[in-house]
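Novice: Each residue of the sequence shown is one higher than the one before, counting from 1 in UniProt numbering. Just so it is clear, CB atoms sit at the ideal spot from N, CA and C, and this is done for glycine as well. Just so we're clear, the structure is a prediction, and the values are computed from it rather than from any experiment.
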Amino acid sequence: MPHEVRAVVAVKKGAPVEVQTVVVPDPGPGEVLVAVQACGVCHTDLHYREGAITDDFPFLLGHEAAGTVEAVGEGVTDLQQGDYVVLAWRAPCGGCRSCRRGRPWYCFDSRNAAQPMTLLDGTPLTSALGIGAFAEKTLVAAGQAVRVDPAARPEAAGLIGCGVMAGYGAAVNTGNVGRGDSVAVIGCGGVGNAAIAGAALNGAMKIIAVDVDGRKLDRAERFGATHTVDSRGADPIEAVRALTDGHGVDLAIDAVGHPETFRQAFYMRDHAGVLVQVGVPTPETTVELPLIDVFSRGGAVKSSWYGDCLPSRDFPFLIDQYLYGLLDLGAFVSETTSLDRVEEAFAKMHRGDVLRSVVVL
């Protein structure tokens with residue numbers, strides 16, 4: 001029997017979100033129904049509301065979520081009712097050319113639920129990142145629900161589903177940060193601070209946080225930054241070089257996705273250093289660099305998709321790090337809120353007042 005639940009819907013481009021009643025089907029083959037316990041408010045949800053990702057309105061927003069499995073569909077054998085899960089927006093198919101080559105983190109046919117969730121009048125909803133978790137219940141592909149230790153608080157655990165995983169993975173999986181490395185992270189929001197935390201956990205010796213907001217730089221120190229650079233009052237490239245004996249860093253992470261921050265990250269690397277871009281640019285963004293500099297500086301320039309993660313492997317590991325006291329997921333949670341206050345949470349996020357607002361259901 002379909003379920004009628006309260007959920008946050010973006011009806012049209014740029015309009016305030018609305019809490020409406022939506023219809024969630026029972027799970028079909030390969031699907032699971034999840035009762036959502038908490039869901040983080042991410043910039044990506046705001047991008048959906050503003051029509052910056054697609055124009056497939058109306059959207060069912062929310063994707064950084066933890067909850068419990070309420071029902072499973074035919075053929076689902078590795079999950080059962082009552083399992084505590086974090087939702088992932090990548091669920092490797094196992095059969096595409098990338099999965100067959102042993103690179104499931106680049107899966108080209110990631111799984112989502114086959115059945116749509118709808119408005120009461122039957123209008124299909126586009127689920128943000130294939131999840132749609134600003135809702136009391138949501139329907140996802142079984143591979144999107146990753147079982148984790150139920151001791152983890154849902155408002156902290158859910159953040160692994162997007163921002164924390166993206167930042168941590170940018171440093172660890174994509175950037176291969178190691179013991180003794182020097183790292184610079186530009187942009188100290190949720191993703192940037194997760195990159196800082198990942199670098200610290202993996203033994204980086206010097207971690208330099210770069211931002212234009214002093215509040216964010218203060219937060220970055222809590223996650224492991226050893227130095228901070230306020231780029232409003234200093235050239236960040238020169239400042240980073242000054243902190244690394246004039247050499248630059250082994251790994252520079254652009255967690256903003258702007259042409260200027262990309263250029264800064266490119267030039268604050270040491271020779272043969274690595275640049276990882278994890279900040280999501282707008283579609284019209286372009287970057288121009290002298291090709292001789294790209295050639296002569298060596299190293300690598302990489303983009304990081306979802307922290308190049310494998311959710312079934314990485315989510316339980318990060319939850320364990322949290323429970324062992326090594327990864328302070330609770331520090332990412334600035335406030336908890338409700339479905340009715342998501343629009344207010346968007347405004348706080350846009351102003352930089354919060355690291356993460358988390359909707360608790």
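Along the alpha helix (DSSP H) that carries His-43, what are the first and last residues, could you check?
Specialist: Where His-43 is concerned, the enclosing alpha helix (DSSP H) stretches over 43-49.
Novice: Whose C-alpha, out of Val-276, Val-185 and Ala-197, is nearest the C-alpha of Phe-332?
Specialist: Measuring from the Cα of Phe-332, the nearest candidate turns out to be Ala-197.
Novice: Can you tell me whether Pro-324 is buried or exposed, with buried defined as 16 or more other CB within 10 angstroms of its CB?
Specialist: The question names Pro, but residue 324 in the sequence shown is Tyr. Under this definition Tyr-324 is an exposed residue.
Novice: For Ala-66, report the span of its beta strand (DSSP E) as first-last.
Specialist: Start and end: 64-72.
Novice: Alpha carbon to alpha carbon, how far is Ile-207 from Leu-326?
Specialist: So the alpha carbons of these two residues sit roughly 17 Å apart.
Novice: What three-state label does DSSP hand Arg-179 in the structure shown?
Specialist: In this structure, Arg-179 counts as coil in the three-state DSSP scheme.
Novice: Just how far apart, CA to CA, sit Arg-30 and Asp-270?
Specialist: With the sequence shown as reference, residue 30 is identified as Gly, and Arg is not the correct amino acid for it. Going from the Cα of Gly-30 to the Cα of Asp-270 covers about 47 Å.
Novice: Give me the Cα-Cα distance between Val-342 and Val-212, rounded to the nearest whole angstrom.
Specialist: C-alpha separation (whole angstroms): 26 Å.
Novice: If you run the structure through DSSP and keep just helix, strand and coil, what is Gly-273?
Specialist: Reduced to three states, the DSSP call for Gly-273 is strand.
Novice: Drop a sphere of 10 angstroms on the beta-carbon of Gln-264, count the other beta-carbons inside from all chains shown, and report buried for 16 or more, exposed for fewer.
Specialist: Gln-264 comes out buried.
Novice: Between Ala-66, Arg-232 and Ala-252, which has its C-alpha nearest Ala-184's C-alpha?
Specialist: If we check each option's Cα against that of Ala-184, Ala-252 comes out closest.
Novice: In the DSSP assignment, the alpha helix (DSSP H) including Glu-344 goes from what residue to what residue?
Specialist: That run of the alpha helix (DSSP H) goes 342-351.
Novice: Quick check for students: name the residue ranges of the alpha helix (DSSP H) that lie wholly in the stretch 240-291, counting only runs of 4 or more.
Specialist: List check, alpha helix (DSSP H) in window: 259-267.
Novice: Three-state secondary structure (DSSP) at Arg-6?
Specialist: Here Arg-6 sits in strand by DSSP.
Novice: Please report the distance separating the alpha-carbon of Asp-218 from that of Leu-361.
Specialist: Between Asp-218 and Leu-361, the C-alpha separation is close to 30 Å.
Novice: What is the rounded straight-line gap between the Cα of Gly-95 and the Cα of Ala-272?
Specialist: For Gly-95 and Ala-272, the distance between alpha carbons rounds to 35 Å.
Novice: Would residue 368 pass as a contact of Val-177 if the rule is Cβ separation under 7 Å?
Specialist: Past the boundaries of the shown model lies residue 368; the chain is included only from 1 to 361, so the question cannot be answered.
Novice: With Gln-37 as the anchor, note down where its beta strand (DSSP E) starts and where it stops.
Specialist: It spans 31-40 - the beta strand (DSSP E) in which Gln-37 sits, taken as one unbroken run.
Novice: In the structure shown, what three-state DSSP assignment does Gln-80 receive?
Specialist: If DSSP states are grouped into helix, strand and coil, Gln-80 belongs with coil.
Novice: Taking only the alpha-carbon atoms, compute the straight-line gap between Leu-139 and Met-117 and give it to the nearest angstrom.
Specialist: Cα-Cα distance, rounded: 8 Å.
Novice: Decide if Met-83 is buried, meaning its Cβ has at least 16 other Cβ atoms within 10 Å, or exposed.
Specialist: Looking at the sequence provided, one finds Asp at residue 83 rather than Met. With 16 or more Cβ atoms within 10 Å of its Cβ, Asp-83 is classed as buried.
Novice: Mind checking Arg-356: buried by the 16 CB within 10 Å criterion, or exposed?
Specialist: Under this definition Arg-356 is a buried residue.
Novice: Can you list, in chain order, the stretches of the alpha helix (DSSP H) that have 4 or more residues and sit fully within the stretch 89-146?
Specialist: Here the runs fully enclosed are 97-100.
Novice: Shortest alpha-carbon distance to His-47 belongs to which of Ala-88, Val-354 and His-350?
Specialist: Minimum Cα distance to His-47 is reached at His-350.
Novice: Have a look at Cys-107 and Arg-90 and give me their C-alpha separation to the nearest angstrom.
Specialist: One C-alpha to the other measures close to 8 Å.
Novice: Quick one: what does DSSP say Thr-174 is sitting in, helix, strand or coil?
Specialist: Three-state DSSP puts Thr-174 in a helix.
Novice: Using DSSP with H/G/I as helix, E/B as strand and the rest coil, what is Ser-304?
Specialist: Correct three-state label for Ser-304: coil.
Novice: Quick one: using the 10 Å Cβ neighbour count with 16 as the cut-off for buried, is Pro-154 buried or exposed?
Specialist: Result: buried.
Novice: Taking all protein chains shown into account, decide if Asp-340 is buried (16 or more other Cβ within 10 angstroms of its Cβ) or exposed.
Specialist: Asp-340 should be labelled exposed.
Novice: Out of Ala-145, Ser-312, Ala-200 and Ile-292, point me to the one whose CA is closest to Val-72's CA.
Specialist: Per the Cα distances, Ala-145.
Novice: Measuring alpha carbon to alpha carbon, tell me which of Val-172, Cys-188, Gly-187 and Gly-189 ends up nearest Asp-181.
Specialist: Selected option, being the one with the closest Cα: Val-172.
Novice: Starting from Asp-314, trace the alpha helix (DSSP H) both ways and give me its first and last residue.
Specialist: Note, Asp-314: alpha helix (DSSP H), 311-323.
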